[in-house]
Amino acid sequence: MTVKLAIVYYSATGTVRGMAERLAAAGEQAGAEVRLRQVQRQPTGGEKAATDEQTAEAEAAKGAPDATADDVVWADAVLFGSPTRYGNVAGQLKVFIDSLGAQWAQGLLADKVYAGFTSSQTAHGGQETTLTALYNTIYHFGGIIVPPGYTAALKFVDGNPYGVSHVTGADNDIPLGQAELDALDHLATRVVSVAGRLRGE
Ligand SMILES: Cc1cc2nc3c(=O)[nH]c(=O)nc-3n(C[C@H](O)[C@H](O)[C@H](O)COP(=O)(O)O)c2cc1C
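Position in the sequence shown (from 1) plus 5 gives the number in the working numbering.
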């Protein structure tokens, strides 16, 4: 049976959305059935620091359909994406994750493959802490974290064994480079492969 891959992201200014779209294409290329979903926008105090409300609305309109709990329950593998916010997962994604309590209580989030991706303005601005903070939740799910590690030569180029990350720079405008694109392709292929093997395929 085809591996089901859910990619659930939050993005205020489009970077994480671009990463999610690349993962979705790579997941399909790896043979998965893919659901690309964004979490519904939740206003936070920090929002205005990144963009004004009109720009935020425009960004949301460019994105994927809204994520539901069923998208996570449905999946064999889930990739969560969030901008780095104060070295942590954005509140918007956390609100969605916190809405999954009923599914967690029924054990419906366990035994799936999970990994994460993020972007930040600065190179040492907390990408790794964001990913490991995200993974704290996955322990509680009973999920199976499948980090990329250094499982391919290209991981020594992007250099993040915890997931995939991108630095957008002081003006928040540096596009994804080949190192990040390769790392995204690798992560999607790897989680689809591991999820398939867990299903005995
Ligand atoms: C409230 C807030 C907190 C942020 N915290 C950090 C941070 O801790 N480290 C960092 O490097 N960038 C930080 N940023 C910048 C974002 O992580 C960065 O712009 C990211 O690439 C945006 O992703 P997006 O385009 O998908 O929204 C922050 C931005 C906002 C609005």
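Every residue gets a Cβ at the ideal spot worked out from N, C-alpha and C, and that includes glycine.
- Neighbourhood of Gly50 by C-beta, 8 Å cutoff - its chain only, sequence neighbours within 5 removed: Here residue 50 refers to the residue found at position 45 when the sequence shown is read from its first residue. With a pLDDT of only 49 at Gly50, under 50, the local geometry of the prediction cannot be trusted, and no value is derived from it.
- Item | Assigned secondary structure, Lys67 (DSSP; H/G/I helix, E/B strand, else coil) | The residue given as residue 67 occupies position 62 in the sequence shown. Helix.
- Task: Work out the CA separation of Val100 and Ala184 for me, nearest whole Å.
- Result: As a first step, residue 184 must be located in the sequence shown, where it is residue number 179. As a first step, residue 100 must be located in the sequence shown, where it is residue number 95. Ala184 and Val100 have their C-alpha atoms some 31 Å from each other.
- Runs of alpha helix (DSSP H) lying entirely within the region 128 to 189, each at least 4 residues, in chain order: If one requires a minimum length of 4 residues, the alpha helix (DSSP H) runs lying completely within the region 128 to 189 are 132 to 146 and 160 to 163, in chain order.
- Message: Taking only three categories from DSSP, how would you classify Gly50?
- Response: The residue you call residue 50 lines up with position 45 of the sequence shown. For Gly50, the predicted model reports a pLDDT of 49, less than 50, meaning its position is unreliable; a value from the coordinates is still stated below. The three-state secondary structure of Gly50, taken from DSSP, is coil.
- According to the neighbour-count rule (16 or more other Cβ atoms, all chains shown, within 10 Å of its Cβ), is Gln34 buried or exposed? Translated into the one-based positions of the sequence shown, residue 34 becomes position 29. Exposed, by the Cβ-count rule.
- Assign Leu105 to one of three DSSP states: helix, strand, or coil. As a first step, residue 105 is located in the sequence shown; it is residue number 100 there, counting from the start. In the structure shown, Leu105 sits in coil (DSSP, three-state: anything other than H, G, I, E or B).
- beta-carbon Tyr91 near ligand 1 non-hydrogen atom, thresh 7 Å: Position 86 of the sequence shown, counted from the first residue, corresponds to residue 91. Yes, the beta carbon of Tyr91 sits closer than 7 Å to at least one heavy atom of ligand 1.
- Query: Whose C-alpha, out of Gly23, Glu26 and Ala72, is nearest the C-alpha of Val44?
  - Reply: In the sequence shown, residue 44 corresponds to position 39, counting from 1. Of Gly23, Glu26 and Ala72, the residue nearest in Cα terms is Ala72.
- Query: Which residues in the same chain as Asn141 place their Cβ atom closer than 7 Å to its Cβ, once the five residues preceding and following it in sequence are excluded?
  - Reply: Translated into the one-based positions of the sequence shown, residue 141 becomes position 136. Closer than 7 Å at the Cβ level, and outside the excluded window around Asn141, lies no residue.
- Met6, DSSP secondary structure in three states: One-based indexing of the sequence shown puts residue 6 at position 1. Of the three classes helix, strand and coil, the one that applies to Met6 here is coil, per DSSP.
- Message: Along the chain, where does the alpha helix (DSSP H) containing Ala74 start, and where does it finish?
- Response: Looking up residue 74 in the sequence shown gives position 69. The continuous alpha helix (DSSP H) containing Ala74 extends over residues Ala74 to Trp79.
- Message: Measuring only the C-alpha atoms, how far is Ala11 from Ala30?
- Response: Locating residue 11 in the sequence shown gives position 6, counting from the first residue. Locating residue 30 in the sequence shown gives position 25, counting from the first residue. In this structure, the CA atom of Ala11 is about 12 Å from the CA atom of Ala30.
- Task: Check the C-beta distance from Thr135 over to Thr123 and give it rounded, since I have them as a contact under 8 Å.
- Result: Here residue 135 refers to the residue found at position 130 when the sequence shown is read from its first residue. Here residue 123 refers to the residue found at position 118 when the sequence shown is read from its first residue. Between Thr135 and Thr123, the beta carbon gap of about 5 Å places them in contact (Cβ cut-off 8 Å).
- Close beta carbons around Ala80, own chain, < 8 Å, minus the five adjacent residues each side: On the sequence shown, residue 80 is found 75 positions in, with the first residue counted as 1. Result list for Ala80: Lys9, Leu10, Ala11, Arg40 and Lys117, in chain order.
- Message: Thr18 and Asn177 - do their beta-carbons sit closer together than 8 Å?
- Response: Taking the sequence shown and counting its residues from 1, the one referred to as residue 177 is at position 172. Taking the sequence shown and counting its residues from 1, the one referred to as residue 18 is at position 13. In this structure, Thr18 lies closer than 8 Å to Asn177 by Cβ.
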